[in-house]
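Visitor:
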Amino acid sequence: MLGPAENGLLRLVDELLLNIIDHIDNQDALCSLSATCTRFQGLVEPYIWRKLEVLTGDHARNIATALDKRDDRTDYIQDLAIRYNDTYRDGVEELNHFLSLMSKLRHLHIESPCPNNVEWQHGGIYFDGYSRIDYTNLLAASVYPRSGMPMTLPMLQSLTLHAHGSGDNKYKLGRAVAMFKHPSLQNITLSCLDFDGELGISASETKTTPLRSLTLIECNVNVKFLDEVLSLPKALKELSIGERLHVFQECQPSMDPERRTSSRQFLLALQKQAHSLQRLTHCGGHVGHLTPRDTDPEGAEKLRSLVDLEYLELGFESHLYYYLRQSGFPPALRSLKMLDSAISINSGHDLRSLSDIAFRSLTSLVDVCLPRTLVDDFTLHLKFSDHSFFRLFEIVDATEQAHLLSALFFDRAATYKIASMLKSYSTNSHFLVSRETFPSGKSFIPPYMHGEELPVEELMYTSDDFWRFNGINYRIMDDENWRDELKKGKKLAICKRYTVLSYERMQTDMEVRVIMADRPITTTVSRLMALPGELRNRIYEAIIDDETLKEIRLYRLRPYGQSSSSERSLKDRNPRRQYLNLGQTNRMFRSEFMPLYMTAHRPLVAMEDVPYYLEAFPLPDPALTASITTVLVDLFRVFEAKITTPAIHILPLLRTDWSMFSFSIFAYKIPLRWREVTREFPLLLLENSYHDLALYGGSWEETITAIYFFRRCPMPYDHSCKDHDEHWIELQLSAKIDAEASDFEKLRIFRNFVNRTQVGGGWRVEIRCISGRLSMSCVSRKAIIAKNLGTVKKACKVWFAKSRRYILAAKEETSKAARNVSV
Numbered sequence: 070m071l072g073p074a075e076n077g078l079l080r081l082v083d084e085l086l087l088n089i090i091d092h093i094d095n096q097d098a099l100c101s102l103s104a105t106c107t108r109f110q111g112l113v114e115p116y117i118w119r120k121l122e123v124l125t126g127d128h129a130r131n132i133a134t135a136l137d138k139r140d141d142r143t144d145y146i147q148d149l150a151i152r153y154n155d156t157y158r159d160g161v162e163e164l165n166h167f168l169s170l171m172s173k174l175r176h177l178h179i180e181s182p183c184p185n186n187v188e189w190q191h192g193g194i195y196f197d198g199y200s201r202i203d204y205t206n207l208l209a210a211s212v213y214p215r216s217g218m219p220m221t222l223p224m225l226q227s228l229t230l231h232a233h234g235s236g237d238n239k240y241k242l243g244r245a246v247a248m249f250k251h252p253s254l255q256n257i258t259l260s261c262l263d264f265d266g267e268l269g270i271s272a273s274e275t276k277t278t279p280l281r282s283l284t285l286i287e288c289n290v291n292v293k294f295l296d297e298v299l300s301l302p303k304a305l306k307e308l309s310i311g312e313r314l315h316v317f318q319e320c321q322p323s324m325d326p327e328r329r330t331s332s333r334q335f336l337l338a339l340q341k342q343a344h345s346l347q348r349l350t351h352c353g354g355h356v357g358h359l360t361p362r363d364t365d366p367e368g369a370e371k372l373r374s375l376v377d378l379e380y381l382e383l384g385f386e387s388h389l390y391y392y393l394r395q396s397g398f399p400p401a402l403r404s405l406k407m408l409d410s411a412i413s414i415n416s417g418h419d420l421r422s423l424s425d426i427a428f429r430s431l432t433s434l435v436d437v438c439l440p441r442t443l444v445d446d447f448t449l450h451l452k453f454s455d456h457s458f459f460r461l462f463e464i465v466d467a468t469e470q471a472h473l474l475s476a477l478f479f480d481r482a483a484t485y486k487i488a489s490m491l492k493s494y495s496t497n498s499h500f501l502v503s504r505e506t507f508p509s510g511k512s513f514i515p516p517y518m519h520g521e522e523l524p525v526e527e528l529m530y531t532s533d534d535f536w537r538f539n540g541i542n543y544r545i546m547d548d549e550n551w552r553d554e555l556k557k558g559k560k561l562a563i564c565k566r567y568t569v570l571s572y573e574r575m576q577t578d579m580e581v582r583v584i585m586a587d588r589p590i591t592t593t594v595s596r597l598m599a600l601p602g603e604l605r606n607r608i609y610e611a612i613i614d615d616e617t618l619k620e621i622r623l624y625r626l627r628p629y630g631q632s633s634s635s636e637r638s639l640k641d642r643n644p645r646r647q648y649l650n651l652g653q654t655n656r657m658f659r660s661e662f663m664p665l666y667m668t669a670h671r672p673l674v675a676m677e678d679v680p681y682y683l684e685a686f687p688l689p690d691p692a693l694t695a696s697i698t699t700v701l702v703d704l705f706r707v708f709e710a711k712i713t714t715p716a717i718h719i720l721p722l723l724r725t726d727w728s729m730f731s732f733s734i735f736a737y738k739i740p741l742r743w744r745e746v747t748r749e750f751p752l753l754l755l756e757n758s759y760h761d762l763a764l765y766g767g768s769w770e771e772t773i774t775a776i777y778f779f780r781r782c783p784m785p786y787d788h789s790c791k792d793h794d795e796h797w798i799e800l801q802l803s804a805k806i807d808a809e810a811s812d813f814e815k816l817r818i819f820r821n822f823v824n825r826t827q828v829g830g831g832w833r834v835e836i837r838c839i840s841g842r843l844s845m846s847c848v849s850r851k852a853i854i855a856k857n858l859g860t861v862k863k864a865c866k867v868w869f870a871k872s873r874r875y876i877l878a879a880k881e882e883t884s885k886a887a888r889n890v891s892v
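Counting with the working numbering, you get residues 70 to 892 for the letters of the sequence shown.
1) Hey, Leu701 and Thr694: beta-carbon distance below 7 Å or not?
2) When we look at the beta-carbon of Asp141 and count the other beta-carbons within 10 Å, is it buried (16 or more) or exposed?
3) Under the assumption that Ile90 contacts Tyr116 (Cβ atoms under 8 Å), give the Cβ distance between them as a whole number of angstroms.
4) Please check the pair Ala232 and Ser181, which I expect to be a contact at CB under 8 Å, by giving their CB distance rounded to whole angstroms.
5) Which residues share a DSSP beta bridge with Phe732?
6) Does the beta-carbon of Val82 have 16 or more other beta-carbons within 10 angstroms, so that it is buried, or is it exposed?
7) Would you call the segment 442 to 451 and the segment 492 to 501 in contact, with 3 or more CB pairs under 8 Å?
8) So, with DSSP's three-state summary, where would you put Tyr530?
9) Got a sec, what are the start and stop residues for the beta strand (DSSP E) His178 sits in?
10) Where do the N-terminal and C-terminal ends of the beta strand (DSSP E) with Lys452 fall, by residue?
11) Does Arg607 pass the burial test, meaning 16 or more other C-beta atoms within 10 Å, or should it be called exposed?
12) DSSP state of Pro219, grouped into three classes?
13) Tell me the DSSP secondary structure of Lys371 in three-state form.
14) Span of the beta strand (DSSP E) holding His796?
15) Which term fits Cys261, buried or exposed, when burial requires 16 or more other beta carbons within 10 angstroms of its beta carbon?
16) Roughly how many angstroms lie between the CA atoms of Phe264 and Thr774, to the nearest whole one?
17) Quick check: what's the CA-CA separation for Gly243 versus Asn206?
18) What first and last residue would you give for the alpha helix (DSSP H) that runs through Asn550?
19) Tell me the residue span of the alpha helix (DSSP H) that contains Val679.
20) When the Cα atoms are used, what is the spatial distance from Met407 to Leu383?
21) Would you kindly work out how many angstroms separate the C-alpha atoms of Phe705 and Met676, rounded to a whole number?
22) So, are the CB atoms of Glu312 and Val290 less than 7 Å apart?
23) Quick one: what's Thr258 bridged to in DSSP?
24) Mind checking which residues open and close the beta strand (DSSP E) that includes Arg152?
25) So, is Leu523 buried or exposed, given that buried needs 16 or more other C-beta atoms within 10 angstroms?
26) Please identify the residue among Ile776, His519, Arg373 whose C-alpha is closest to the C-alpha of Arg394.
27) So what does DSSP say about Met546, is it helix, strand or coil?
28) Could you tell me whether the Cβ atoms of Leu473 and Glu661 are closer together than 7 Å?
29) Spatial neighbours of Lys486 within its chain, please: C-beta separation below 7 Å, excluding the five flanking residues on both sides.
30) Considering only their Cβ atoms, is the gap separating Tyr392 from Ala369 smaller than 7 Å?
31) Less than 7 Å between the C-beta atoms of Leu375 and Lys341, yes or no?
32) For Asp377 and Ser345, I'd like the C-alpha separation in whole angstroms.
33) Starting from Met407, follow the beta strand (DSSP E) in both directions and report where the run begins and ends.
34) Which residue wins for smallest C-alpha separation from Phe317, given the options Thr364, Arg328, Asp812, Ala692?
35) Do you know how far the Cα of Ala427 is from the Cα of Asp480?
36) With contact counted as at least three CB pairs below 8 Å, one residue from each stretch, are the segment 243 to 252 and the segment 205 to 225 in contact?
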């Protein structure tokens, strides 16, 4: 019979021992203490099991075996994270049974492989990963238990779900939507999923759940489902909506504006938590997949109704930013953080243009849109995303890197203006500029998986230190009044030998004295390298401005050889590119000068070489790269093979914002391969104002749902197609236009499209459109031929008609429209 210990820890009562054990934060120490005796095992095991992280299938099997030996161990688990790599997936599924028994579990993190894992990052491998944890049924049973069974996870407080289903349910929530009705869940984070489903909410269920924070990362958001979800919490405090920036196969967002955050319903959904919402974040997703905004005349007022909102983070592409600029500032807003994550993806290496967009937008925001009732300590924060530019060049010296960052990121004049205008509202206001970076130099995309490095936010500017950028004080260069005062007080002098101002900061009162740079010039240090970085930047800008040629033509080497003509020589075609040698001098000049030089000199790529260029230098968005390449390859194949082609959908090319790319496109007068055809490539080259074209009360993308290119070559391959083949472009109007619009409105839509569209070269391309009983066609923006059709068969006769001098109409309404068309 064992008696109580006479001395040592075992003499203490359990309450004191538990207090001691609670201060041990080392898992190995707890396991060693548990193995000493039966009493310590009973006291320590709840601490060993309260927090688990599962990284491999073998680890999951060991845990399942241990839980099977003692039933009460499942009640000890309070925090469980399952974060395995797909290589170690076998065995993870054995935890499914025990998850439903963890009645005390408060925090659950389920992370399964996704398309940004190493296995699927290269080679276009199809993503077939899925979660071995049956999270769908687990979460459904936590709200709708099976008959005779208790609810699973009754004490769950936070859920982080980054998992995928199998097969067609890869990105669907399915029955897991029940989580939003969970009686104790307070924090939900979802990523890489379609935020969509059916909840079936009754009137008695609204304003009943304790949910306080909802975070969506890289999700396709259905605004109607969001509206349902936001009707459930009693008082939601934080809402973060991150729509997809990185689009993979099978997860493209819907292009229906009524289902996206471009809908008016988005603001109505936010208003359901207007009484409690304190922090709101919204990123509108990839700009190539944005839908037109359904502008709400009362949108600004609805945004102002978020009376408790203190922290707002918006992407420049967010539709909420539009309403914010229309006097939509919430009354309690203390911090506005602007994100460039969406527009930076398409910026290529043109970092200067990206910065210009951000600073111009913020300057107008502060100058025009800020309310006079701004809170006293308001903070405006501009955050730049991690950019691939900084991984292209190695910058060893920290000071030189600071100079380069200041030159690339900042318009210092605009920064001073923004900071000064904020100070005019309140002396306690702040303007911050930061950038996201990965210390190791290797970047990752959200959500960040186990083992991936998390980005850090590096502060580059704060208005509290008005003249300092990236640790470098520019007051001596930018403050002319202060510089004049220093000269008058004989505290600043000019170094006559180098004509360079040099100074150092001495005391907190900014007193400055001159450091005379009087050291002799040696053969190892060039005079250019001895100059301050800011002066070198000005020299670089003068070099760029000196070169008249701003575009460089790139030619792909043909398989049949190169031209020996000097006109094709890079040197002869660009005689003033002698400055390019500066970038080859040393590492410092290469890191400083080459980025500026290449952003100012955009490569010109032949239209037929664009697929090859994108193969060598793909865009950040792989889906956009594949879409452009597919359409162009199909079109070129038609001309090379001289064959009849099915419809080629060219609308993806028109939806692409080519100005955001790091290269421009040009076409030969008569391409060599098509010389026998003597016609240019029939791609619609859009005018700059085309994207602002409004048709039938909406944007052109709402009205015209498809644009197809057709080619019909009835002659055999060995005959010339010049006089026999047909080429035309056909528009497809939306179902709403087909059903509701009159013939007059349809003809006006077609006319506006034709008038705002041009075709490169002298090729006479025909544009056609059939909508309902109305057939329309036009060649080279000349006469529009319209005809009211009785049958589709008559429409075919119209296309082969020789005469293009008359407008035929069967209805008076169409005849009225015809008189408005230039014949």
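Idealized CB from N, CA, C, for every residue including glycine.
In this text, all values refer to a predicted model and were calculated from it rather than measured experimentally.
Guide: With the given structure in hand:
1) For the purposes of this step, residue 701 is taken as residue 632 along the sequence shown, with counting starting at 1. For the purposes of this step, residue 694 is taken as residue 625 along the sequence shown, with counting starting at 1. In this structure, Thr694 does not lie closer than 7 Å to Leu701 by Cβ.
2) As a working mapping, residue 141 is identified with position 72 in the sequence shown. Asp141 comes out exposed.
3) In the sequence shown, residue 90 corresponds to position 21, counting from 1. In the sequence shown, residue 116 corresponds to position 47, counting from 1. About 6 Å separates the two Cβ atoms, so the contact holds.
4) Counting from 1 along the sequence shown, the entry for residue 232 is found at position 163. Counting from 1 along the sequence shown, the entry for residue 181 is found at position 112. Contact flag correct, Cβ pair sits at about 4 Å.
5) Taking the sequence shown and counting its residues from 1, one reaches residue 732 at position 663. In the DSSP output, where bridge partners are listed per residue, Phe732 has none listed.
6) Along the sequence shown, read from residue 1 onward, the residue named residue 82 stands at position 13. With fewer than 16 other Cβ atoms within 10 Å, it is exposed.
7) Because the criterion of three Cβ pairs below 8 Å is met, the segment 442 to 451 and the segment 492 to 501 touch.
8) Locating residue 530 in the sequence shown gives position 461, where the first residue counts as 1. Three-state result, Tyr530: strand.
9) For the purposes of this step, residue 178 is taken as the residue at position 109 of the sequence shown. Counting along the chain, His178 sits inside the beta strand (DSSP E) bounded by residues 176 to 180.
10) Residue 452 sits at position 383 when you count from the first residue of the sequence shown. Counting along the chain, Lys452 sits inside the beta strand (DSSP E) bounded by residues 448 to 453.
11) Reading the sequence shown from its first residue, position 538 is the one you call residue 607. Flag for Arg607 reads exposed.
12) Translated into positions along the sequence shown, residue 219 becomes position 150. Here Pro219 sits in coil by DSSP.
13) On the sequence shown, residue 371 is found 302 positions in, with the first residue counted as 1. Three-state result, Lys371: helix.
14) Counting from 1 along the sequence shown, the entry for residue 796 is found at position 727. Unbroken beta strand (DSSP E) run through His796: 795 to 802.
15) Here the question's residue 261 lines up with position 192 in the sequence shown. The residue in question, Cys261, is buried, as its Cβ has 16 or more Cβ neighbours within 10 Å.
16) For the purposes of this step, residue 264 is identified with residue 195 of the sequence shown, where counting begins at 1. For the purposes of this step, residue 774 is identified with residue 705 of the sequence shown, where counting begins at 1. Cα-Cα distance, rounded: 25 Å.
17) On the sequence shown, position 174 is the one that residue 243 refers to. On the sequence shown, position 137 is the one that residue 206 refers to. Here the alpha carbons of Asn206 and Gly243 stand approximately 9 Å from one another.
18) Stepping through the sequence shown from its first residue, residue 550 is reached at position 481. From DSSP, the alpha helix (DSSP H) with Asn550 extends over 549 to 557.
19) The count along the sequence shown starts at 1 and reaches residue 679 at position 610. Counting along the chain, Val679 sits inside the alpha helix (DSSP H) bounded by residues 679 to 685.
20) Here residue 407 refers to the residue found at position 338 when the sequence shown is read from its first residue. Here residue 383 refers to the residue found at position 314 when the sequence shown is read from its first residue. Separation of Met407 and Leu383 (C-alpha to C-alpha, rounded to the nearest whole angstrom) is 5 Å.
21) Position 636 of the sequence shown, counted from the start, is the residue given in the question as residue 705. Position 607 of the sequence shown, counted from the start, is the residue given in the question as residue 676. Rounded to the nearest whole angstrom, the CA to CA distance from Phe705 to Met676 is 10 Å.
22) As a working mapping, residue 312 is identified with position 243 in the sequence shown. As a working mapping, residue 290 is identified with position 221 in the sequence shown. The answer is yes: Cβ separation under 7 Å.
23) The count along the sequence shown starts at 1 and reaches residue 258 at position 189. Note: Thr258 sits in a beta bridge opposite Thr229, Thr284.
24) For the purposes of this step, residue 152 is taken as residue 83 along the sequence shown, with counting starting at 1. Note, Arg152: beta strand (DSSP E), 148 to 152.
25) The residue you call residue 523 lines up with position 454 of the sequence shown. Here Leu523 is exposed, its C-beta having fewer than 16 other C-beta atoms within 10 Å.
26) For this step, residue 394 is matched to residue 325 along the sequence shown. Out of Ile776, His519, Arg373, the CA that lies nearest to the CA of Arg394 is found in Arg373.
27) Here residue 546 refers to the residue found at position 477 of the sequence shown. Met546 falls in the helix class under three-state DSSP.
28) Position 404 of the sequence shown, counted from the first residue, corresponds to residue 473. Position 592 of the sequence shown, counted from the first residue, corresponds to residue 661. Contact flag set, yes.
29) By 1-based counting over the sequence shown, the position of residue 486 is 417. Thr432, listed in sequence order.
30) As a first step, residue 369 is located in the sequence shown; it is residue number 300 there, counting from the start. As a first step, residue 392 is located in the sequence shown; it is residue number 323 there, counting from the start. It is a contact, given that the beta carbons lie within the stated cut-off.
31) Residue numbering aside, residue 375 sits at position 306 when the sequence shown is read from its first letter. Residue numbering aside, residue 341 sits at position 272 when the sequence shown is read from its first letter. Not closer than 7 Å, so no.
32) For this step, residue 377 is matched to residue 308 along the sequence shown. For this step, residue 345 is matched to residue 276 along the sequence shown. Cα to Cα, Asp377 sits roughly 6 Å from Ser345.
33) Within the sequence shown, the letter at position 338 stands for residue 407. Going by DSSP, Met407 is part of the beta strand (DSSP E) stretching over 404 to 408.
34) Here residue 317 refers to the residue found at position 248 of the sequence shown. Ranking Thr364, Arg328, Asp812, Ala692 by Cα distance to Phe317 puts Ala692 first.
35) As a first step, residue 480 must be located in the sequence shown, where it is residue number 411. As a first step, residue 427 must be located in the sequence shown, where it is residue number 358. In this structure, the straight-line span from the alpha carbon of Asp480 to that of Ala427 is close to 10 Å.
36) They touch, by the three-pair rule.
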